[in-house]
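Numbering-wise, the sequence shown is residues -27 to -1, 1 to 84 according to mature numbering (1 follows the signal peptide of the UniProt record, and there is no 0).
The C-beta atom is built at its ideal place from N, Cα and C for all residues, glycine as well.
To keep things clear, I will list the structure first and then write my remarks on it.
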Amino acid sequence: MGKPLSSVIALSVLLCLVSLVVKVALAQDISSLINEATFNNMLKHRGEGNCRGRFYTYNSFLTAARSFGGFATTGDPDTLKREIIAFFAQTSHETTDTYTYAAEGEKGDAD
């Protein structure tokens, strides 16, 4: 392999690494999209007895969200927020009042 070709390959690898670092650096952390006060306001009944499904704390939510690399990481801020809102809408539906998956299954409406 000639010197010019190895230099081109090295430069290509370097550019890929720089691109990856920049992408990671520019990625918004989920905590910049939803703060603890908003989280608590959206899920203010999560600890009540009639919320049988319960829900976890803000810090547990952040840990879980960060463990899924694709969750709320792609798109503009409005798209990211819509993804988070859709997640909360679904979890709210699944954990509200007396809803249970088994009851849905008994009605024949389960997925």
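Need the endpoints of the alpha helix (DSSP H) that A38 sits in, please. As a first step, residue 38 must be located in the sequence shown, where it is residue number 65. It spans Y31 to S40 - the alpha helix (DSSP H) in which A38 sits, taken as one unbroken run.
Proximity below 8 Å, CB of F56 to CB of Y31: Position 83 of the sequence shown, counting from 1, holds the residue named residue 56. Position 58 of the sequence shown, counting from 1, holds the residue named residue 31. It should be noted that the sequence gives Glu, not Phe, for residue 56. Not closer than 8 Å, so no.
Is I7 buried or exposed, if buried means 16 or more other CB atoms sit within 10 Å of its CB? Locating residue 7 in the sequence shown gives position 34, counting from the first residue. With 16 or more other Cβ atoms within 10 Å, it is buried.
L53 and A45 - do their beta-carbons sit closer together than 8 Å? The residue labelled residue 45 in the question sits at position 72 within the sequence shown. The residue labelled residue 53 in the question sits at position 80 within the sequence shown. Closer than 8 Å, so yes.
Label A38 either buried or exposed according to how many other C-beta atoms from any shown protein chain fall within 10 Å of its C-beta, with 16 as the threshold for buried. Numbered from its first residue, the sequence shown carries residue 38 at position 65. Buried: at least 16 other Cβ atoms inside 10 Å.
On a Cα-Cα basis, can you pick out the residue from G43, G22, E21 and K17 that is closest to I3? As a position in the sequence shown, residue 3 is number 30, starting the count at 1. For the residues G43, G22, E21 and K17, the minimum Cα distance to I3 belongs to G43.
So, are the CB atoms of F61 and M15 less than 8 Å apart? Reading the sequence shown from its first residue, position 88 is the one you call residue 61. Reading the sequence shown from its first residue, position 42 is the one you call residue 15. The answer is yes: Cβ separation under 8 Å.
Which of the three DSSP states is assigned to F44 in this structure? As a first step, residue 44 is located in the sequence shown; it is residue number 71 there, counting from the start. If DSSP states are grouped into helix, strand and coil, F44 belongs with coil.
By the DSSP assignment, the alpha helix (DSSP H) with N14 in it spans what residues? Within the sequence shown, residue 14 is the residue found at index 41, counting from 1. Residues E9 to M15.
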